[in-house]
Amino acid sequence: MKFQLKRLYFQIILFFTANLGAVGLKTGFCYPFFYCQACPAATSACPIRALENSVYKQSFEWRFLLYPLLIIGFFGITTGRAICGWACPIGVLQRGTGRVARKVKRHPIAQRLGAHSVEKYLRYTKYFMLIVFVFLTSLLIGFIFTDICPVGMLVGTFPILILNPGKFVPNYFFPVALVIFVLFITLIFIIERGWCRYFCPVGAMLGPFNKISMLHIEVHTKECLHCNVCSDICPMGIDVPNMHRDPECILCGKCVSSCPTKQITFEKV
Amino acid sequence: MKRSFVLQIAAVIVVSGAFVGILTTADVYEDVKARIVEVLCLSCIKLEPKTIQEFTFKTVDDAPHPYFVTENLTKGPVFLHYSEDVCAGCEVMFPIVKQLFNIEFGKQDMFSKTVTFDHGNITYIYVNLDHTIDILENSFPMYDKDDIGGLPMFTIITLGYDHGTVRPYFTTLYGTLNVPTDAERSSLLREVLTESIEMYQQNKAGYQPT
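Residue numbers (the working numbering), protein chains in the order written: chain E, 1 to 269; chain W, 1001 to 1210.
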């Protein structure tokens, strides 16, 4: 079976596992990826919500801080950011929109923007989101991220509205969240894995673990032809031949499958 | 290579050990389940339940009214205010309710008081689901008549006449009551309370707590 097909099956199985709440399984765990507990079928809590709870208006609750961090830390140390590429339901969604995004990528304007030096700095936005919109605003003002989260809108708000027709009306956060949701959808259609690259705060937590994770992707640079097939196919837009434990790598394995000389491999330890 | 492997294994052991430790000692699993997964923060889902002021005799799954409700109904209507620590909607409603009944207490307190309202008595019971006892917590799903499962939630229980008997009769309001201003929220609560006191006065003679 082709490797990417195996990954797709794995993603589908994990998508259903994340939604076992539909058959009544509600747990007290946090997801190690971005998914909203407001989804009627969710089994677990969003790690971002637990982190927000931990510092909400200076009410420091160390348990809610440590708990999601330990879950993410465990998966981070063992598999790095593979969670994003193999388990995250929003990753599956972006895999679906990736085909369109790849077409957009070939447009000259997109190529010019993609090659712009600012692009690599834009990737730090997710760390900014994590620190400012998850921690600082929760600490000083209250929920901001949760109130406008596009993923919450997609998997929580809309399904609730559909499953309970006439029971709810939009509140004052809804218009703002809707605008952000439209931007989110636009983003993932024009930039492959745009959410993971620039905005996902869970990706920001998992990314640095790539530096020390047991599982990682290794490029054997000495034998590399620098044909750039790998970079072209990489959904995260990484310069693969020059990559070494890149925090952006989601270990999807597309570069591994595509390398004509098989110089890119999954490595354990 | 060997050194990094040892460090990775050590890190996995430390993280796993800490995780097991926090699970077994800090009740965090139960708290995440009860406070985040099972109860919705209504403001976080960017939606407001449509508040339907209709009174009903029927609790969810026909559960019997708890003892603390039936007993307090001998004094007047009962107002149950459900809330939690981390919830934007709860923070909007908290001062409105305190002002309405002219009472003072902390957000994390367990609080109840019989207050005079519109020439009648109302037993006000504050239930912060993060800091409460089982009997109060268990009443939350019972009065969630519209199956919203979210906070804040307000239940007003009075007495009603039902096929020859006087029984507890209640309505539940949700969120920030689906009106835009604090004055309107206060006015809506006042209206429902006044109605519940009138019903109570009409039916109290026939009430037998069970």
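Where is the CB? At the ideal position from N, CA and C, for every residue including glycine.
Bear in mind the structure is a predicted one, so any value in this text is a computation, not a measurement.
Whose Cβ in chain W lies nearer than 7 Å to the Cβ of residue i?
i, result
"T221 of chain E", "Going along chain W, no residue has its Cβ under 7 Å from T221 of chain E, so there is no contact; the nearest lies around 17 Å."
"A101 of chain E", "Within chain W, no residue comes near A101 of chain E; the closest Cβ sits about 27 Å away, beyond 7 Å."
"G80 of chain E", "Within 7 Å Cβ-Cβ: nothing; G80 of chain E doesn't reach chain W, min ~11 Å."
"G142 of chain E", "A1088"
Once DSSP output is grouped into helix, strand and coil, what is the label at residue i?
i, result
"T137 of chain E", "helix"
"M1153 of chain W", "strand"
"N1138 of chain W", "coil"
"Y1169 of chain W", "strand"
"G1160 of chain W", "strand"
"C249 of chain E", "coil"
"I12 of chain E", "helix"
"F1005 of chain W", "helix"
"N1214 of chain W", "With chain W covering only 1001 through 1210, there is no way to say anything about residue 1214 of chain W."
"Y1174 of chain W", "strand"
"V92 of chain E", "helix"
"Y1126 of chain W", "strand"
"K26 of chain E", "coil"
"I1103 of chain W", "coil"
"I71 of chain E", "helix"
"I264 of chain E", "strand"
"K1145 of chain W", "coil"
"S59 of chain E", "coil"
"A41 of chain E", "coil"
"V269 of chain E", "coil"
"K2 of chain E", "coil"
"K1098 of chain W", "helix"
"V1179 of chain W", "coil"
"K1058 of chain W", "coil"
"T942 of chain W", "Shown here, chain W extends from 1001 to 1210; a query on residue 942 of chain W therefore has no answer."
"T78 of chain E", "helix"
Just to confirm, is the Cβ distance from residue i to residue j under 8 Å?
i, j, result
"Q11 of chain E", "L139 of chain E", "no"
"I998 of chain W", "Y1124 of chain W", "There is simply no residue 998 of chain W to check, as chain W begins at 1001 and stops at 1210 in what is shown."
"A87 of chain E", "L14 of chain E", "yes"
"S1043 of chain W", "D147 of chain E", "yes"
"F34 of chain E", "C249 of chain E", "no"
"I1022 of chain W", "N53 of chain E", "no"
"S257 of chain E", "Q4 of chain E", "yes"
"D1134 of chain W", "L1193 of chain W", "no"
"F145 of chain E", "F128 of chain E", "no"
"F184 of chain E", "A101 of chain E", "no"
"I1122 of chain W", "G156 of chain E", "no"
"M1153 of chain W", "V1060 of chain W", "no"
"V219 of chain E", "P241 of chain E", "yes"
"Y31 of chain E", "A41 of chain E", "no"
Name the chain E residues whose beta carbon is nearer than 9 Å to that of residue i?
i, result
"N1178 of chain W", "V169 and N171"
"E1030 of chain W", "G28"
"V1037 of chain W", "G21, K26, T27, G28, F29, Q37, A42, T43, S44 and A45"
"L1040 of chain W", "Q37, A38, G156 and I160"
"I1013 of chain W", "Residues of chain E passing the Cβ test: none, with the nearest at roughly 10 Å."
Check the Cβ of residue i against every Cβ in chain W and list those closer than 8 Å, keeping chain order.
i, result
"L161 of chain E", "L1047"
"F174 of chain E", "K1046 and L1047"
"T261 of chain E", "Near T261 of chain E there are no residues of chain W at all, since even the closest Cβ is about 24 Å away, more than 8 Å."
"A110 of chain E", "Per Cβ cutoff of 8 Å: no residues; A110 of chain E is ~32 Å from chain W at best."
"M153 of chain E", "K1046"
List, in order along the chain, the chain E residues whose C-beta lies closer than 7 Å to that of residue i?
i, result
"C1090 of chain W", "Those do not exist, as C1090 of chain W stays about 11 Å from chain E at its closest Cβ, beyond 7 Å."
"S1016 of chain W", "F74"
"K1033 of chain W", "K26, T27 and G28"
Under 8 Å by Cβ, that's how I've got residue i and residue j pegged, so tell me the actual separation to the nearest angstrom.
i, j, result
"L215 of chain E", "T79 of chain E", "5 Å"
"Y1126 of chain W", "F1105 of chain W", "7 Å"
"G253 of chain E", "R95 of chain E", "Not quite, the Cβ-Cβ distance comes to about 13 Å (not below 8 Å), so this is no contact."
"L1189 of chain W", "T1051 of chain W", "So it is not a contact: roughly 10 Å between Cβ atoms."
"Y56 of chain E", "L122 of chain E", "Actually they are not in contact, since the Cβ atoms of Y56 of chain E and L122 of chain E sit about 29 Å apart, beyond 8 Å."
"P1168 of chain W", "T1070 of chain W", "7 Å"
"C227 of chain E", "C255 of chain E", "C227 of chain E to C255 of chain E, Cβ: 11 Å. No contact."
"Y1207 of chain W", "L1073 of chain W", "7 Å"
"I71 of chain E", "F1079 of chain W", "I71 of chain E to F1079 of chain W, Cβ: 40 Å. No contact."
Just the chain W side, please: which residues come within less than 9 Å of residue i by C-beta, in chain order?
i, result
"M129 of chain E", "Neighbours of M129 of chain E on chain W: none; closest Cβ ~17 Å, over 9 Å."
"D147 of chain E", "S1043, C1044, K1046 and A1088"
Would you please verify whether the beta carbon of residue i is less than 8 Å from any beta carbon of chain C?
i, result
"A87 of chain E", "The structure shown contains no chain C; the protein chains it does contain are E and W."
Cβ closer than 8 Å: which chain E residues qualify as neighbours of residue i?
i, result
"A1183 of chain W", "Ordered by position in chain E, no residue passes the 8 Å Cβ test against A1183 of chain W, which lies about 16 Å from the chain."
field: 4 or more residues per run - each alpha helix (DSSP H) lying fully within the region 1064-1096 of chain W
entry: 1067-1072
message: Give the list of continuous alpha helix (DSSP H) stretches no shorter than 4 residues that lie fully inside the region 1009-1049 of chain W.
response: 1028-1032
query: Where in the region 106-184 of chain E do unbroken runs of the beta strand (DSSP E), each at least 3 residues long, occur, reported from the N-terminal end onward?
result: 168-170
field: Segments assigned beta strand (DSSP E), at least 3 residues, entirely inside the region 184-241 of chain E
entry: 215-219
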